[in-house]
Amino acid sequence: MNNTNKCKIILLTGYLGSGKTTLLQYILKVQNLYQVAVIQNEFSDEMGIEAPLMVDNNGDIFDSFFELPNGCICCSAKGQLMTAIQYFIEKKPNIQFIIIESNGLADPSSLIKELWADQGLNLPAELATIVGLIPSHKFKTLYELEIFRKQIIHADLLLLNFQDLCKEDDINLIEKQLKIINPNSKLLKSVKAQIDIQNIFESEKADNKIFDQEHIHFEEIGNINKIFLNINTPNITQQEWNIKIGQMLWEEGLNIMRIKGLLFCKDEQFMYSLQGVEDIFEITPTNLAISNQQSISKILIIGQQITEELIKNIILNN
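Dropping the structure here:
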């Protein structure tokens, strides 16, 4: 996953009408630094509508564009998605980024797991950044939907779009709520999805940041639980971490939607990154050196039926 020679995948998620296609058009129009391909996933009756509207910074129709039929990427189009990725990389080996625009009604967790699984099978691309677009003016209504909440939970970068249609007080309340449910995502605000696109292409993955919480913290937002652990783990090896995280996801009956963190691994010189979605996870080395011989691991878990006591027991007990 840390192979810098791999093509990087940027996943655009967001509910219907959040501005994904508008952001995609803007990216292609203004960027001239990278070799980019686009895979769009929408319902079959919309095929052929978007491609002619995609133009590059010279005003020419963007040719590295592939529309997936058959609706949701997370269902019937999984195989086609991987075929499209392989196609672009073989046809245009200099491509640096592939942007995937997911369907607005799609649960991103299935797609993320599919990409991770194929990375393990030497897919010549890696999932680099997950961008979640949020229509500010519809936030209160959409927040009742599980799909919408999952799109927020899984994002590395949250783009609060349509801020011009909301009062400042409402925007502030939305920001606070987003920081509760996904505290380690980067949050930007926009009108018509226009931002500095370097925030997307050069985005620092949230799981490679040092989390700023300094204590064990548990919160419940609706039917979603969030727990943050800042815990001393001097004697846990990488192999043991794999066993413990697997136990959390597979054996304890917990409904974990998202798990991520920075792990101290015994006898290692660098911190390790933890990324997990539902029942799939990976633990990989980072370039972050362990400072001052500290053996602190920091883990964020978002899901349902999570208890602090159970999580701590899994981590600290042999």
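full-length UniProt numbering numbers the first residue of the sequence shown as 1 and each following residue consecutively. Note that CB positions come from ideal geometry on N, CA and C, so glycine has one too. Quick caveat: nothing in here was measured; it's all calculated off a predicted structure.
Next on the checklist: Between residue 304 and chain C, is any beta-carbon pair separated by less than 7 Å?
Outcome noted: In the displayed structure, chain C is absent; only one protein chain is listed.
Item to check | Secondary structure of residue 108, DSSP reduced to three states | outcome: Residue 108 falls in the helix class under three-state DSSP.
Checklist entry - In the DSSP assignment, what are the bridge partners of residue 273? => result DSSP, once it has assigned bridges, lists 262 and 284 as partnering residue 273.
Checklist entry - Quick one: Cα of residue 259 to Cα of residue 304, how far? => result For residue 259 and residue 304, the distance between alpha carbons rounds to 12 Å.
Checklist entry - Roughly how many angstroms lie between the CA atoms of residue 230 and residue 301, to the nearest whole one? => result Answer to the nearest angstrom: the Cα atoms are 12 Å apart.
Checklist entry - From residue 362 to residue 296, what distance separates their C-alpha atoms? => result What is shown of the chain runs 1 to 318, which leaves residue 362 out entirely.
Next on the checklist: Tell me the residue span of the beta strand (DSSP E) that contains residue 232.
Outcome noted: Segment 224-232, the beta strand (DSSP E) holding residue 232.
Checklist entry - Quick one: Cα of residue 284 to Cα of residue 186, how far? => result Here the C-alpha atom of residue 284 lies approximately 21 Å from the C-alpha atom of residue 186.
Checklist entry - Would you report the Cα separation of residue 20 and residue 170, rounded to the nearest angstrom? => result About 22 Å.
Checklist entry - On the three-state DSSP scale, how would you describe residue 299? => result Residue 299: strand per DSSP, three-state reduction.
Next on the checklist: Pairs of beta-carbons, one from the segment 103-115 and one from the segment 173-186, closer than 8 Å: are there three or more?
Outcome noted: Here the segment 103-115 does not lie against the segment 173-186, with fewer than 3 beta-carbon pairs under 8 Å apart.
Item to check | Buried/exposed call for residue 12, threshold 16 Cβ in 10 Å | outcome: By the 16-neighbour rule on beta-carbons within 10 angstroms, residue 12 is buried.
Checklist entry - Are there 16 or more other CB atoms within 10 angstroms of the CB of residue 233, so buried, or fewer, so exposed? => result The C-beta of residue 233 has 16 or more other C-beta atoms within 10 Å across all chains shown, which makes the residue buried.
Checklist entry - With a cut-off of 8 Å, do at least 3 Cβ pairs link the segment 309-318 to the segment 275-294? => result Touching, no, given that fewer than three Cβ pairs across the two stretches are closer than 8 Å.
Checklist entry - Smallest Cα separation from residue 95: which of 244, 33, 29 and 191? => result When C-alpha distances from residue 95 are compared across 244, 33, 29 and 191, the shortest belongs to 33.
Item to check | Per-residue burial, residue 276 [other beta carbons within 10 Å of its own, 16 or more giving buried] | outcome: Here residue 276 is buried: its Cβ has 16 or more other Cβ atoms, across all protein chains shown, within 10 Å.
Checklist entry - Secondary structure at residue 256, three-state DSSP: helix, strand or coil? => result In this structure, residue 256 counts as strand in the three-state DSSP scheme.
Next on the checklist: In the DSSP assignment, the beta strand (DSSP E) including residue 133 goes from what residue to what residue?
Outcome noted: Segment 125-135, the beta strand (DSSP E) holding residue 133.
Next on the checklist: Closer than 8 Å is the cut-off here; do at least three beta carbon pairs connect the segment 139-152 with the segment 188-207?
Outcome noted: With a cut-off of 8 Å, the segment 188-207 and the segment 139-152 do not count as touching, because too few Cβ pairs lie within range.
Item to check | residue 153 vs residue 227 beta-carbon contact at 7 Å | outcome: No, the Cβ-Cβ distance between residue 153 and residue 227 is not below 7 Å.
Item to check | Best match in 244, 254 and 199 for proximity to residue 224 [C-alpha to C-alpha] | outcome: Here the closest residue by C-alpha is 254.
Item to check | Inter-residue CB distance, residue 35 and residue 92 (contact presumed, cutoff 8 Å) | outcome: Right, the Cβ-Cβ distance comes to about 7 Å (below 8 Å), so this counts as a contact.
Next on the checklist: In this structure, how does DSSP classify residue 308 when only helix, strand and coil are distinguished?
Outcome noted: The answer is helix: DSSP assigns residue 308 an H, G or I state.
Checklist entry - Going by Cα to Cα distance, which pick from 10, 252, 242 and 246 is closest to residue 264? => result That would be 242, whose Cα lies nearest to the Cα of residue 264.
Checklist entry - Can you check whether the CB of residue 10 is closer than 7 Å to the CB of residue 134? => result Taking 7 Å as the Cβ cut-off, residue 134 and residue 10 do not qualify as a contacting pair.
Next on the checklist: Relative to the C-alpha of residue 97, which candidate in 155, 198 and 80 has its C-alpha closest?
Outcome noted: Of 155, 198 and 80, the residue nearest in Cα terms is 198.
Item to check | Start and end residues, beta strand (DSSP E) containing residue 187 | outcome: Unbroken beta strand (DSSP E) run through residue 187: 186-189.
Checklist entry - Count the other CB atoms within 10 Å of the CB of residue 270; is the residue buried (16 or more) or exposed (fewer)? => result The residue in question, residue 270, is exposed, as its Cβ has fewer than 16 Cβ neighbours within 10 Å.
Item to check | residue 14 (DSSP reduced to helix, strand or coil) | outcome: The answer is strand: DSSP assigns residue 14 an E or B state.
Checklist entry - Secondary structure at residue 33, three-state DSSP: helix, strand or coil? => result Reduced to three states, the DSSP call for residue 33 is coil.
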